[in-house]
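Peer 1: When we follow the working numbering, the leftmost residue of the sequence shown carries the number 754, and every step to the right adds one. We treat Cβ as the ideally placed atom computed from N, Cα and C, and that holds for glycine. Keep in mind it's a predicted model, so treat the numbers as computed, not measured. I have a structure here, written as structure tokens, and I will follow up with some questions on it.
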Amino acid sequence: MKKFWIALAVIAAVVVVGFLAAVSVRNGLIARDETVNENWSQIETQLQRRGDLIPNLVATVRGYAGHEEKIFTEVAAARSRLLTAGSPQQKAEAAAGLNGALGRLLAISERYPNLKADQNFIRLQDELAGTENRIAVARTRYNTAVRGYNAAIRQFPGSLFAGSLGLEKREYFEAPQGRAAVEKVPEVKF
């Protein structure tokens with residue numbers, strides 16, 4: 754009889770430990786999913802911030818170089834594509850297009866010395882450069898979170914729970930291939 758109770762206690766302990774391990778893995782996957790969501794939100798926030806700075810930058814440049822209408826149209830179209838992009842890949846492609854258009858817009862300042870000296874223009878360039886740095890940091894954090902999340906849902910025991918929780922592999926926020934991949938982030942020169 755004593756062996757029966759010992760065996761029952763061992764079985765109960767194994768069940769409890771197994772249950773706690775399953776709960777821990779499940780909660781860990783959910784926490785990783787939320788971390789990815791939070792980091793993606795940070796990227797979107799910084800992209801939105803950059804998008805909000807652009808109309809002021811365009812207005813400042815337009816005051817000095819109003820006849821450069823083509824670049825203003827390109828910047829507006831690129832900004833619109835960025836704000837309506839949905840997936841990380843679409844956001845990355847739209848961000849690369851906006852970077853190119855902004856680079857051309859900022860290059861205009863080289864032809865207008867008064868614009869280069871304008872305090873509003875200088876402040877906007879500084880804010881834009883700061884935002885570009887924030888985007889780079891947010892992208893790095895997001896990609897790190899995605900790497901950990903993707904590994905967790907593919908590895909055992911996470912793979913046992915990922916399907917039942919509806920967790921699927923996430924996309925990295927990477928620069929697009931081709932022409933946009935080699936375009937430089939706009940340089941700020943004074």
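Considering only residues of the same chain and omitting the five flanking positions on each side of R923, which have a CB-CB separation below 7 Å?
Peer 2: V789, V899, Y902, N903
Peer 1: Decide if R819 is buried, meaning its Cβ has at least 16 other Cβ atoms within 10 Å, or exposed.
Peer 2: For clarity, residue 819 is Gly in the given sequence; the question names Arg instead. When all chains shown are included, G819 counts as exposed.
Peer 1: For a quick check, are the C-beta atoms of A727 and Q795 less than 8 Å apart?
Peer 2: Outside the displayed range of the chain (754 to 943) lies residue 727, so it cannot be described from this structure.
Peer 1: Quick one: what's got a C-beta closer than 6 Å to D879's C-beta in the same chain, skipping five residues either side?
Peer 2: none
Peer 1: My output table needs one value for A774: the three-state DSSP class, helix, strand or coil.
Peer 2: helix
Peer 1: Determine, using beta carbons only, whether I783 and L913 come nearer to each other than 8 Å.
Peer 2: no
Peer 1: Confirm, please, whether the CB-CB distance from A854 to A831 is below 8 Å.
Peer 2: For A831 and A854, yes; Cβs fall inside 8 Å.
Peer 1: Given I764, which residues of its chain have a CB within under 6 Å of its CB, disregarding the five upstream and five downstream residues?
Peer 2: none
Peer 1: Take every Cβ of the stretch 824-838, pair it with every Cβ of the stretch 799-808, and state whether three or more of those distances are shorter than 8 Å.
Peer 2: yes
Peer 1: Using 7 Å as the cut-off, classify the Cβ of G916 as near or not near the heavy atoms of the ligand COA, replying yes or no.
Peer 2: Ligands in the displayed structure: none, and consequently the ligand COA is not present.
Peer 1: Please confirm whether R857 and I824 have their CB atoms less than 8 Å apart.
Peer 2: yes
Peer 1: Once the 5 residues before and after P910 are set aside, which same chain residues still bring their CB inside 8 Å of it?
Peer 2: A774, A775, V778
Peer 1: With distances taken from CA atoms, which of T884, T897, Y865 is nearest W798?
Peer 2: Trp is not the amino acid found at residue 798; the sequence shown has Thr there. Checked all of T884, T897, Y865; the closest Cα to T798 is T884.
Peer 1: Could you please give the first and the last residue of the uninterrupted alpha helix (DSSP H) stretch that includes K922?
Peer 2: Per DSSP, K922 belongs to no alpha helix (DSSP H) and is neither H nor E.
Peer 1: Ends of the alpha helix (DSSP H) at G839?
Peer 2: Segment: none, G839 is in no alpha helix (DSSP H) and carries neither H nor E.
Peer 1: By Cβ distance, which residues of its chain are closer than 7 Å to V817, with the 5 residues on each side in sequence left out?
Peer 2: Here residue 817 is Tyr; the residue named in the question, Val, does not match the sequence. Only Y865, N867, L868 meet the Cβ criterion.
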